[in-house]
Every structure is written in C-alpha cells, then in structure tokens.
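Number of protein chains: 2
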Amino acid sequence: MSRRIYLRLKSLEEGKRAFLERFPVGGFRAPELIPTVEACGRVTASPVFARLSSPTYHAAAMDGVAVRAEDTFEAHVDRPLRLTLGIQAHPVNTGHPLPAGTNAVIMVEEVTEEDDGTVLIEAPAYPWQNVRRVGEDIVATELLLPQNHRITPYDLGALLGAGIVSVPVRPKPKVALVPTGSELVSVEMLSDGKVPGPGQVIEYNSVVLAGLIRQWGGDPVRHPPVPDEPEALRGSIEEAIACGADLVVVIAGSSAGSEDLTVKVVEELGAVLVHGISMMPGKPTILGVVRDRPVIGNPGYPVSSVVSCEQIVGPLICRLLGVESPPRLKLLARTSQKVPSKIGMEEFVRVKLGEVRGHIVATPLPRAAGSITTLTRADGILRVPEEVEGVEEGQVVEVELLRSPEAIRRTLVAIGSHDLTLDLIADRLAASGLGYTLASSNVGSLGGLMAIRKGHAHLAGSHLLDTETGDYNFSYIRRYLQGVPVRLVHLVYREQGLIVPKGNPLEIRDLGDLLRPEVTFINRQGGSGTRVLLDYHLARLGLDPALIRGYDREEYTHMAVAVAVASGAAQAGMGILAAANALDLDFVPVARERYDLVIPGDLFHSEGIQLLLEVIRCPEFRSAVASMGGYDPSESGRVLL
Amino acid sequence: MSRRIYLRLKSLEEGKRAFLERFPVGGFRAPELIPTVEACGRVTASPVFARLSSPTYHAAAMDGVAVRAEDTFEAHVDRPLRLTLGIQAHPVNTGHPLPAGTNAVIMVEEVTEEDDGTVLIEAPAYPWQNVRRVGEDIVATELLLPQNHRITPYDLGALLGAGIVSVPVRPKPKVALVPTGSELVSVEMLSDGKVPGPGQVIEYNSVVLAGLIRQWGGDPVRHPPVPDEPEALRGSIEEAIACGADLVVVIAGSSAGSEDLTVKVVEELGAVLVHGISMMPGKPTILGVVRDRPVIGNPGYPVSSVVSCEQIVGPLICRLLGVESPPRLKLLARTSQKVPSKIGMEEFVRVKLGEVRGHIVATPLPRAAGSITTLTRADGILRVPEEVEGVEEGQVVEVELLRSPEAIRRTLVAIGSHDLTLDLIADRLAASGLGYTLASSNVGSLGGLMAIRKGHAHLAGSHLLDTETGDYNFSYIRRYLQGVPVRLVHLVYREQGLIVPKGNPLEIRDLGDLLRPEVTFINRQGGSGTRVLLDYHLARLGLDPALIRGYDREEYTHMAVAVAVASGAAQAGMGILAAANALDLDFVPVARERYDLVIPGDLFHSEGIQLLLEVIRCPEFRSAVASMGGYDPSESGRVLL
C-alpha cells in the first residue's frame, strides 16, 4: 500500500493568480484573418477601422421626389409650386441615390401629381431633409470595434457596411483533453448500444468539458483514454503540445493516490505550480507548465471535473482570447434548509431554485462529486466561502445561476413524497412549449407538508395514511397545516408492496416473511408515506419492527429502494410496482393507496398550477401513467379540498 | 407616381398571436437521431430515459481496502483487527469495482500495513461505507431529460453516463433569407476590397439575421439578392419552400411603396395575415403563409430588420424547436435625458448604459433605423409602450440588456466633447483584457459639465476657452460645477482649424473668408468647445456671424463636420486636423487648444478611472495619438486640478 501524500492546498484566488498571469493576454499565436461573414462569436485581435463610409452616397430616406431645396423656397399652401418631373423633381424610392444637383426629398404624401410631367408642392423643402447623407452611419477611418471584442451579429452588419470583408481575430485556443484511467471506455466504443464490461467506466468527462470549452470560444481536441502508465501519459502530453495545443487538460489521476500519475509526469516534463485547491468539488487540481504551455490536472469525478474546469480552464481560455470571463448571473435566494460546510474549503453547492410568492427558494442537491445529475438538475451554485462554516435555514444567500431567471420563475417546485408520475408531469409540462418545468425534491410526505407551511414549494406529493380512519392526507393537513389554506388534488391510486429480487428466491409472500433471519430489509425514511403505510400494516399484523434486519437502514426514494434490492444490498424493500418493473424486479402487493398533491390555496389559480392541472387531466398523461403498471389514474385531477 | 397605401397596423402582441399560433410547437419535421457527443445546444424531441444505471457496478469511492463490513465489527482502537490482504482486505483505488463478497471500503489513512500480507484496522466498517453503489447517480429507466429541453454540456455527461449514445432532437428550423433590391451587392462580390459602384448598397442584413438565427438554434440559408421584379421574388420564395425551408424571410420591400413587391407576391402565392406592426423600428413587417409555411416580410433598414427579426422570427424559430424564446435580461435605469416617443407606436430606443455611483444611467442613442451602429454601440433597449408619449429625464425605466450587467458595470461613461483620441483610449482599455470599455456620447463640452453635475458620467471631455483669460476649463468648472468636487486631467493639445475640400478650391485662408458669399459653412452646436473657440476668434476679428452662410446649421462631432465638407454640403467647417485627415480633406489651422478630462472627485480613485489614467500615460497611447497628426500628447495624464 502506498502512503497518501496530502495535497498542499492553495485558495482558488491565490491559485488562479499564481497561474493565469504567467500566460499572455491574447494567447500564444498570431492573429487569423477570416471572412467577416464567419466571424460571429470570434474575438478581434486588433482595432478595426472603417474602410468605407456608410451610406457611401447621399440616399433618399423616404419614397418621394428629390429636389434642389433652393428651387422650392417659394412654395406655399396658398401658392403651390409647380415642378417639372425629370428636371426639377425626380421620383425616388427609399435608398435610391439622390440625382446629381438635388439635396432634399419631399415625401410622396406631400406631392400632388398634376399631370404626367409635373407635380405640385405646397411647402418648401429645406436642404438635406429626408436624405441619408454619406457617412451618416459610419465615417471611413472611424473605429468600428476595439481589439479584444467578441463579435456579435450586429457587428457583422457594421463591419460589412464599412466594407470590411475580412477581420483579424484571435485563433481559438486549442485545448487537448487527455482522459486517463485504464478502466475507461471511450464513448465511441459504446456506439452500438453495448454495455460496458465489469469494472469499465464510460469516459464522458472529455465530452462535457469539450462542450464547455466550445462555449467559451476554445477549440477542444478530445484524445482517446490513456492507460494508467507514466510512459503513455508522458507521450500524450508531449504529442499534444507538439501538435500545437495551447493548453493541455489531463482528466483524472490528479490526486495523490498510487495511480495518480499526473503530478509526477508534469513535474518530469516541466513544473507543477499548484497541487490542490481548497475548493470542493475540484480539490485535486494541478496547475503546471510544460514548454511554456499550461498543463492542467483535472480531477476525475464528473462534478469535480466540471467545477475545476469552469474555475481554471474557462478563465485561462478567456485570457488567451483577450476577453473577460463571462460572469454568471447572480440572484439572492433563501435557503430551504441548513447547508453545513467545511471550514477551509470553498464549497460549490448545487441548488434547485424556484420562485414562491416572489421569493426565490434555494434547495441544496446532494453533494456527491460523482453524481453528474446533481449538475444537470441544478438551477444554480451556492458558493460557501472558505471561512464560513455553513449557511442556516432561511438565510439569504447569493446564488450563481445556471438557468435564466425567467426559466426559474417558471419552475414549479414540488417538495414532498416521491412518485414516478412526477417525471411524466415534468415531461408533459415541457411538451406544452410554454417554458414551465417541474423540479421535485424528495423529502417524504411529511417533509412536503412542512415545505408548504414554510412557503418553500408550489406543491407537495403526499400519501399519508390516517391509521385511525384509513383515509389519506386530510387529517395530516388539519394537524400540520393549521391556518394555512391549501387545496388537495388527487393524482393517482397506486399499489404499494414488497420489491424483491427477480424470481423471488427467498419466497417472500407477505410482511411476516420480513422477520425471517435470512431476509435483509431496506426501509424508507421516517415521515414518508410508505413508512407510515408499512408501520400501519406491521402494527395491524402485530409484527415487531425490531425483529426486522435492516429496518433501521433508510432510503429516500422508491427507486433507491429498488436499486438496493437489485444490487443485492437487501432482499426486500417496500415500494411501488413501477420501481420494481423499472429494474426488472419482482413485486409482492401489500396495499393500494391514494397519492395526492397538496397545493397552497393562494397559488391554486396561478398559471403554472393551472397548467399542471390541465396536464394531469389530459388523456396522454393518463395513458402514460396506466402503461407503467400498478397505477390507477382514472380520477387524476379531481379536487378533493 | 404611385399612391402610397397606408399599412393597417397591428400591435406587436396581437400580430404575434395571430401568426405564431398557426404553426406547430415542435415544427414541421420528424425528429433527427444524432450522436450525443454532437448534441450540445440541440433540443430534445422526446423524453429521454436512462438505458444503464450509473455507476454500473459498486465502486470504491476512496482509495483504501475493500472489506466485508461484517468481518470488521470486532475492530477497536484498543484491539486492532488483523486482516489478510487478498482474502479479507483488497487494495482498491477510487472508482475500482468492489471485489466479490465485499461491501465497504476503509480509507487508506485508516489502515496500517503490518507486513506485506496483513493490515490492521482500529474501527469497524459499516456496510456500504465509501462505496458508490449501482445507480447512485442514475437509475436505469429514470427520466434524464424531458422533451423540448435544450441540451447543455452537463446533460451530455448524464446521457453518456446512462449509455445514451444517440439522442432524438428537433431538426434545426431551416430559414431561407431572401434579400431583395436591384441596388444590392452581395458581400461575396466585395471580397477583394472593391468599392460598391454609385447607387449600389452592400447587402449585409442577411448576414446579421443569419447570425441571430444561429444563436436561436435555426439553420439560416442565405440567398443571393433578388432584383425588384415580381417574377424573380415569386420564384425565390417558391424555390425556398420546395427546397425544404421551414420559414422564409424576405428582406426589404416589405412596405407599401412602388417597389415594395413582397406583399403582392405573398398574397398571390398564399395569404398575408398582417401587414404593418405598430413598432418602431420594424413597422413595415409582413406576416404571411405560403403552402402552410410562414413567410415573413422583413423591413430593409438594418435596425428595422433586426428588431422585426428579433420580435417575430426569433419567437417563431423557438416555437418550431419547442422551446421558450430566451428572454433578455432586464434592469432598471434612470434616463439621462428626455425620450420623446410617438403615441400609437411601441418604440425600441437603443440606449447606452453605465453605472455611476451604483445607479445605472441610460442615454438614448440616435433613432435612425438606417444606422446599424446605433445597435452595435447600444448596451440595451428601452421599450416605450404604444400608449406612452415618452419618458422624462431622470425617470426610472426597465431596459432590456444587450450586454452583461458585469460588462455594463465596467463601462466608463464619457459624456461631453468629442475627440478622436477617445477611440484610442477605448481600444487601449480593451487591450488590457480586464473587461473595461469606454462609451462616449457627444454633447459638447458644456453638456459634459452638466452630465458630471447630474451624476450621469464618469468623465467629460472638455476644451472650454475662457475668452477673458485665454485659459481653458477652470473658470467653467468654477461656474457650472460649484460645490461638485472634480479633478481635471489633461489629455492632449490639439490644432483646431477650418476643414475644407481637398485642394481648397475656394482658397479659404482664414476666418474672414467665411463671409464670402460663395462659401457655405457648417457649424458645431452651441455649448461645444469648438463653437466657443470659433465665436471667440470671430469676435476678436470683428466678424459678424450673421453674415456667415450656414452658421445656423449645426453638427455634433468633428467627423460629422468633415463629412458635410467631404459630401459637398458645405465648403468649410471648424474642426480638428485628424478629422480632416481621416477623410482626406484639407485643413487651415486657426488655433491650438487644450483638451482635458473632467472627473468627479469621488470617482477619481476607482479602478476604471485609474486604468484610464494608466492608458493615457503609456507610450503606446501617446505614439498612436501623435501619429494622427495635429495632436501634442506630451503631457497626457497630467493632473491639473
């Protein structure tokens, strides 16, 4: 076993400063001269001055007749002036050049045709009226664009109008992406629907980083995965630089474990300036230089990889282009729960955002750096500074946005019990094309009621059984939402039961079998409707939970329970049929239950909620739900309260 | 002369509604299946569900040893437990699959090597500690992306991680761009530095619109310019639709003049739904349908073309893609001057924005729809609604942003006298790569002092001659900026004189020659330093301004004066040598003057102003100024007050 070498951490600002300033603003290479029509999004390498004026000639700015103003000074409403067409008055349309000797245009509406050869006017024209003079828009030699300017579509018009048909731009920084790891399978190998072998991992970080790099204006070059051998990695870095890479990003292997080769290889080839940045995710980042080119060790966990790339590679590309890093939009939000954080580390916490009654609410997503879906599901990043121990519930914080404020405003926030039909609602909402999305956080039914009470959610899925009456949700609403006006809308009936491995090898028939010593159970968290249902039926049958092995191991969703069973971590868990079906597991029915949506009364008539109600009442939604099995959507959308 | 047919105007909202809803959300064509690695920025055509779980196997989440948790329960700090390597404990690195029979990982830091074959641990492992279980990130069959979702770089990771190597997306809407006008010269014809002939216009609207259409996710197809003949236009529209265009944009000829063919041709081929929208610019917009495809008549003035395209074509492309139109960011700003507007028309006023002491100030740019630089120079759009007659000075208004709030925050607002060296400052600021830009509005020296007093500017260029002392600026600052602490920084000395046509055909030698009857003068506006200088010298020489033909015609910049002379509109104008040189005109020196920058005292030490001072003191700036001629930059940056 090799001893771990701890990283010597630098703060993000300190690390960036030490590194970025070594490389020239504007990059390593000479400007490219490219056709203006292809220059959108590129960055000017030098100031651009107008070659021609625009307009290049005096042009009519209206349809009408062109005249010499001095010929018209006698015209008066009481003494209309007669002008001869073709001599004193020349018909022109907008954009036409003024005929020689004319210096004004009279609008067609103010001209009366007398006969084929003459027109009458009732007012004098003043010089240059209704004329766009040479250079009115652009004067030859004037500065059109400064250097280091990212060219917009509008700019193309100004450039071409000024006769600039090619423009000097910064070369796109060429970024070599070198994934490392003997376990990696290239995406291209997977193309025909193959499944990776045992121990193999699909290499997708390079694809994600390539997408980001293109957005910043870089030119990513993805290399095939390199095995964990120093020789191979050394060769790849040298080849990339020899082939003209402006920077090299080595993905994974950037930490200090026995297979983490990057730091040693970069030290051999050049110099390591920084190894480790006090940010999370993204800590094991390496900032090095090989033959004057930046070489960056990028951590292998997907979220670490992205955060490190956005904090280091993005600003570096922008520096090589000569532009400022595009800052993320920020807004203020209130946290819906406490967010603990480690002192001494800047944390990048992914959050869901939603606007409830004009307040933006931020709900943290799981922190797992290995989980790319914590990024795809995120609306923003809450950065908790190094010196701060965390953020309290309800605290107002600044959040960096990953989606537009408008998109966040159209996000329906569902906090509560998890059900797979919420995914179908999310998809049907998106199908409307109105820009609404559904963001659901799974905290169980009771947690959902709390979220409604605190004003953190637009709706809460709930299936809380009243063990005295056998009815659902009503008594809990009375108890936990006293004084909070809410509506209750039925979503589906669904079957709950025991999810067991395919073929049900332990022959589990009912809840009583959970007490058998060879059965390991996986439970749902306290407060979830499924837990209440389980406990109700255990009590009804007189079964002691203490005798169930694994009763104290909790998961937060039906799918997580199913995964636990599929992976062999448990032999039974309580959940819905759809979750068992999804993973090709077997299912032992226990009960049918009602799953409803709790909606604050004052939000009931909002556009978003009304759209949601339309969705859950439409036939497409119902047939999609029915086809999942274990659901009865026949009363979806019925208002119960 | 043909009579003008007035357009029957619809409001923008009404026009859009009548039109957009006719076309299907998601477009006319079947989805495309494309490789996921190329899918960034595309829009999902159907919901995407995970094919594989991620991780696909139980994986070590730490470097260390994999164990069966149940084997370790006896371990204690007082009674370290011995595990045999290869049998009870298996070295693993992060990401490795757990060996069969193991269910936990102990971190390398918590393991002591006893000898080559055994390790000691001092605490029990609990099941699944430091393990990333199958499906921890993604569970096979779960919804990854809803339909109508624009795919981000992060999404690529989730898709590939879930084994989705190709993804169904909406085809990019194919947009045929058909410029019309017999006077048009295609950009491609201009490629070798040619100058358009008399009456010819460079066709660039299609290039600008193509850039915008690509940003929205459409696929623009630029057609060559079509002459003003109904047959030719008819043929182009029919061919575009036959070739699979999802929508056709006919550029120019959309009004109701004698050469405005679009409305007639679209009526013949299909139907015109709307002709004229009550917005300015952009009024002569046509919304039509030909063979179920949208055909849009887009006005020919460049700013009208852009506004109409952004308001109609953009939302239509988004509808065909199934996504919401990306809304522009908005912020609140105070107007620096009155903005009159016509009742009954929604006006899109281009504004410059800058942040002065935490307040965003909006200064309107000229409204000319023919001037593309009013867009390239704009930071935002102030939309004045139909029912409003205008906006007062100092009113707080909502502005749609064209640049990022960060970029606006780094904009130095210069309001005052115009000088060409301000362009050089702008370029040198951009060269710093720090994101600072200079936005200058030219209102003359006195206007600049007023802007400083009102808090609308960071600096004001000023060259106000005190006609009693012969000194510059000080006495005006005392008079007009009483109680406002300011600093005065010298920029350049420059020569002022008479700008006359090349060769000076009228042999103008001094100001006295301006009184000759054959000389038409072009003046600068009252309050400008140049005007003060002129009036001073006229008075000194005892010359009566009333005898100067054209004394009452005013322009606002040196360049505009030079253009008036170059175009023959005037035979002489007062201005600087550089403006004469720029347009290859002759120059008769009259005086050397001092041009300074007035800076509010409390902003003097801000980062932006300090950077500007650095710029005007650097040798690169001075030599660039000197090379323009007529300038003496030897004391640039000297603090006078």
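Those protein sequence lines, which keep their order, are chains E and R. Heads up: the first sequence begins at 68 in my numbering, then just goes up one per residue. Heads up: the second sequence begins at 68 in my numbering, then just goes up one per residue. All C-beta atoms, glycine included, are put in the ideal place defined by N, C-alpha and C.
Query, Result
"Any residues in the region 382 to 407 of chain E with a beta carbon nearer than 8 Å to a beta carbon of chain R? Which ones, in chain order?", "R386, G389, V390, E391, P393, P394 and L396"
"As an exercise, report each continuous alpha helix (DSSP H) stretch of at least 4 residues that is fully enclosed by the region 299 to 343 of chain E, in chain order.", "329 to 336"
"Could you give the distance in angstroms between the alpha-carbon of R:V553 and the alpha-carbon of R:Y662?", "16 Å"
"To the nearest angstrom, how far is the alpha carbon of E:L79 from that of E:V92?", "20 Å"
"Could you tell me whether any Cβ in chain R is nearer than 7 Å to the Cβ of E:V370?", "no"
"Starting from R:P361, trace the beta strand (DSSP E) both ways and give me its first and last residue.", "R360 to N365"
"Would you kindly check if the distance between the Cβ of R:A307 and the Cβ of R:A400 is under 7 Å?", "no"
"If you count every other CB in all the chains shown that lies within 10 Å of the CB of E:E414, and 16 or more means buried, which is it?", "buried"
"Could you tell me whether the Cβ of R:R546 comes closer than 7 Å to any Cβ of chain E?", "no"
"Mind pulling the chain E residues with CB within less than 7 Å of R:N590?", "The premise fails here: R:N590 is roughly 14 Å from chain E at the closest Cβ pair, so nothing lies under 7 Å."
"Which residues, in order along the region 615 to 630 of chain E, keep a beta-carbon less than 7 Å from a beta-carbon of chain R?", "M626 and V630"
"With 7 Å as the threshold, decide whether the Cβ of E:T440 is near any Cβ in chain R.", "yes"
"Below 7 Å between beta carbons is the criterion; list the residues of the region 450 to 479 of chain E that meet it against any residue of chain R, in chain order.", "S471 and E473"
"In chain R, what lies closer than 7 Å to E:W195 by C-beta?", "A636"
"My output table needs one value for E:R96: the three-state DSSP class, helix, strand or coil.", "coil"
"If I'm right that E:V665 touches E:I492 with Cβ under 8 Å, what's the distance once you round it to whole angstroms?", "The Cβ separation is near 15 Å, so there is no contact."
"In whole angstroms, give me the CA-to-CA distance for E:P369 and E:K261.", "22 Å"
"Which residue's Cα is closest to the Cα of E:R520: E:D669, E:T185, E:H342 and E:E176?", "E:D669"
"Please state the DSSP three-state secondary structure of R:N590.", "strand"
"What separation, rounded to the nearest whole angstrom, lies between the Cα atoms of E:A633 and E:E454?", "42 Å"
"Return helix, strand or coil for R:G266, following the three-state DSSP convention.", "coil"
"What did DSSP end up calling R:Q462 once you bin it into helix, strand or coil?", "coil"
"Compute the Euclidean distance between the alpha carbons of R:P291 and R:V317, then round it to the nearest angstrom.", "11 Å"
"In angstroms, rounded to a whole number, what distance separates the CA positions of E:G343 and R:Q378?", "48 Å"
"Suppose contacts are defined by Cβ-Cβ distances below 7 Å. Is R:I566 in contact with R:F588 by that definition?", "no"
"What residue range does the beta strand (DSSP E) around E:L679 cover?", "Taken as a continuous stretch (DSSP letters only), E:L679 belongs to no beta strand (DSSP E), being part of the alpha helix (DSSP H) at E674 to R684."
"If R:L87 and R:P382 are in contact, beta carbons under 8 Å, what's the gap, nearest whole angstrom?", "6 Å"
"Under a Cβ-count criterion, where at least 16 other Cβ atoms within 10 Å of its own Cβ denotes burial, should R:G593 be classed as buried or exposed?", "exposed"
"Within 10 angstroms of the Cβ of R:Q677, are there 16 or more other Cβ atoms? Answer buried if so, exposed if not.", "exposed"
"Can you check DSSP and say which residues form a bridge with R:A727?", "Given a span of 68 to 708 for chain R in the structure shown, any question on residue 727 of chain R remains unanswerable."
"Count the other CB atoms, across all protein chains shown, that sit within 10 Å of the CB of R:C310; report buried if there are 16 or more and exposed otherwise.", "exposed"
"Can you tell me whether E:P394 is buried or exposed, with buried defined as 16 or more other CB within 10 angstroms of its CB?", "exposed"
"Determine the closest residue to R:R424 out of R:P667, R:V630, R:N160 and R:G697, with distance taken between C-alpha atoms.", "R:P667"
"Can you name, in chain order, every residue of its own chain whose Cβ lies under 7 Å from the Cβ of E:E465, other than the five neighbours on each side?", "K397 and L399"
"Residues in the same chain with beta-carbon distance under 8 Å from E:S694, minus the five sequence neighbours each way, listed in chain order, please.", "none"
"Looking only at its chain, what residues have a beta carbon closer than 8 Å to the beta carbon of R:S69, apart from the 5 residues adjacent to it on each side?", "With a pLDDT of only 41 at R:S69, under 50, the local geometry of the prediction cannot be trusted, and the value read off the model is given with reservation. Taken in chain order, the residues that qualify are G324 and S325."
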